[in-house]
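Protein chains in written order, with our numbering: chain A, 1 to 225; chain B, 226 to 450.
Every residue gets a Cβ at the ideal spot worked out from N, C-alpha and C, and that includes glycine.
Bear in mind the structure is a predicted one, so any value in this text is a computation, not a measurement.
One structure is given below, encoded as structure tokens.
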DNA sequence: GTAGTCATGTAAGAGGTTACATGATTAG
DNA sequence: CTAATCATGTAACCTCTTACATGACTAC
């Protein structure tokens, strides 16, 4: 918990998850900023996405805070690269974060907010959005499932590197915890898909009802004629 | 889609959900900023939370953009209040937002990120966090369910006000759409609870395994003695 | 030589959080 | 008269997004 005092405003940092996501990867193996950028585009990006423009400055801040150390290594003739490794203070911070209670993030999902106002959109637009919702979560499930299987099948490179430094009798426990996290996002995604499918069914139902009302109306008009 | 050009950077606004959440409430009935603050603490806050310090400035910006109009009304002898109402442009913007496709927000849930590193925390700390996770989602489910029942039972004041201005044959459709959105967040919360319960079972399993390993070790030590 | 990858940054803005601030009105 | 409620703001900060920028290295 870092508190900064500037004049009268006191801001208390609670979350800072990018920092811990970075520590969580670097603890397995020292990596460059570039490596981390790629890692966040794939593997870890499925749990915590972060753009390149956020990763480089954060690494510098973490270095300044003593959570990581940077080793400058040559690359070809002139170029260099900075390889970051977690310090003891960094590991302590990661453990503290994993241990400490953290309140639920505020409810703020634009999809459900919008869904509450879907009556303002044409039915076909609602259908398209629900179908896109399903497709996007299906794609994510594929990525998560692949990662899940890689960890479970002991083919996840960085995890295995971490395990070589852990007692053998703990290996299965570590893997089960990581697998459990992935099962969480997969389960959530499946729930989202089921919800969107019920939404599509609701659209059909509404369409039928409207058609019924329209034909009943025209019948009345006909009988009047 | 608002594009602002400043020097070389072009920032394209895509989300701005607070604006649409405000329009979505104001379309039912003109309200003051204070009313909206209270509404976001309760009812709508369960779908989109927003603090007071965000609501007042956003209302001013919406007014400047012509999405709402403010009517200054007296309050007692000296005090005044500003009652905001949606304009035609505001309704059009709300409909556009409800209709347009919006990409899924980036994956960024601190709970699952942390869960992937739960092997770094003591088992009891993990248990406590999972139990808190369950409790928090159970509380949210209660709120959402109450809102769900109020809308379904035609006791939701603002929704009913909106319906008086809609054709009777559309009432059931509007209600079903809103109910569907709430069923989405409820279904998701139930999935979260089920996941956290599996996590608690996993903790027990790990504890048993560790106890087994420890006793096996002491047996070896005993037989050696 | 040139296209793709490796590598590291900066600038400007949007949206959200926490805290500070003030005053009128109303119910007891 | 006093506490709660009604009412409206501002300041400072953090995190994330989009876009701009540069240059060395490597495989062809």
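query                                                                                                                     : result
Identified DSSP bridge partners for residue 31/A                                                                          : 84/A
Contact with chain A by residue 235/B, beta-carbon distance below 8 Å                                                     : With a pLDDT of 49 at residue 235/B, under the threshold of 50, the modelled position of this residue cannot be trusted; read the value that follows with caution. For residue 235/B, the answer is no, since every Cβ of chain A falls outside 8 Å of its Cβ.
Contact between the segment 147-161 of chain A and the segment 391-407 of chain B (3+ Cβ pairs under 8 Å)                 : no
Start-to-end residues for the alpha helix (DSSP H) that takes in residue 75/A                                             : Not the alpha helix (DSSP H): residue 75/A falls in the beta strand (DSSP E), residues 68-75.
Identified DSSP bridge partners for residue 79/A                                                                          : 75/A
Three-way DSSP call (helix, strand, coil) for residue 390/B in this model                                                 : coil
Range covered by the alpha helix (DSSP H) that runs through residue 124/A                                                 : 123-152
Between the CA atoms of residue 425/B and residue 415/B - distance to the nearest angstrom                                : 15 Å
Range of the contiguous alpha helix (DSSP H) that encloses residue 275/B                                                  : Residue 275/B -> no alpha helix (DSSP H), and no H or E assigned at all.
Exposure label - residue 196/A; buried when at least 16 CB within 10 Å                                                    : buried
Helix, strand or coil at residue 155/A according to DSSP, with G and I counted as helix                                   : coil
Contacts that residue 171/A makes with chain B (C-beta to C-beta distance below 8 Å)                                      : Ordered by position in chain B, no residue passes the 8 Å Cβ test against residue 171/A, which lies about 10 Å from the chain.
Segment contact, 8 Å Cβ cut-off, at least three pairs: the segment 280-296 of chain B with the segment 337-356 of chain B : no
Sufficient close CB pairs (3 or more, under 8 Å) joining the segment 21-35 of chain A to the segment 86-96 of chain A     : yes
Short Cβ contact (8 Å threshold) for residue 274/B with residue 115/A                                                     : no
Any C-beta of chain A under 8 Å from that of residue 232/B                                                                : Because the pLDDT of residue 232/B is 40, which lies under 50, any placement of that residue in the model is unreliable, and the question is left without a value.
Burial state of residue 129/A, where buried means 16 or more other Cβ atoms lie within 10 Å                               : buried
Residue burial classification, residue 439/B (beta-carbon count within 10 angstroms, cutoff 16)                           : exposed
Chain B within 8 Å of residue 208/A, Cβ atoms only                                                                        : no
Nearest-angstrom Cα separation, counted from residue 101/A out to residue 242/B                                           : 29 Å
Classification of residue 244/B by the beta-carbon crowding that lies within 10 angstroms, buried from 16 upward          : buried
Interfacial residues, the segment 103-121 of chain A to chain B, with Cβ spacing under 8 Å                                : 103, 104, 105, 106, 107, 108, 109, 110, 111, 112, 113, 114, 115, 116, 117, 118, 119, 120 and 121
Beta-carbon spacing of residue 33/A, residue 75/A below 8 Å                                                               : no
Contact residues within the segment 372-405 of chain B, judged by C-beta distance below 8 Å to chain A                    : 394, 395, 397, 398, 399, 401, 402, 403 and 405
Chain B contact residues for residue 202/A, given Cβ-Cβ distances below 8 Å                                               : 401, 402 and 405
Alpha-carbon to alpha-carbon, residue 145/A and residue 99/A                                                              : 27 Å
Below-8 Å beta-carbon distance, residue 418/B vs any chain A residue                                                      : no
Straight-line gap, residue 264/B to residue 382/B (C-alpha atoms, nearest Å)                                              : 12 Å
Sub-8 Å separation of residue 133/A and residue 168/A beta-carbons                                                        : no
CB contact flag (residue 338/B, residue 287/B, <8 Å)                                                                      : no
Pair within 8 Å by beta-carbon distance, residue 271/B and residue 372/B                                                  : yes
Rounded C-alpha distance that separates residue 256/B from residue 219/A                                                  : 43 Å
Alpha-carbon spacing of residue 380/B relative to residue 108/A, whole angstroms                                          : 25 Å
7 Å Cβ shell around residue 407/B - same chain, five flanking residues per side excluded                                  : 369, 372 and 373
Inter-residue Cα distance where the pair is residue 396/B and residue 266/B                                               : 27 Å
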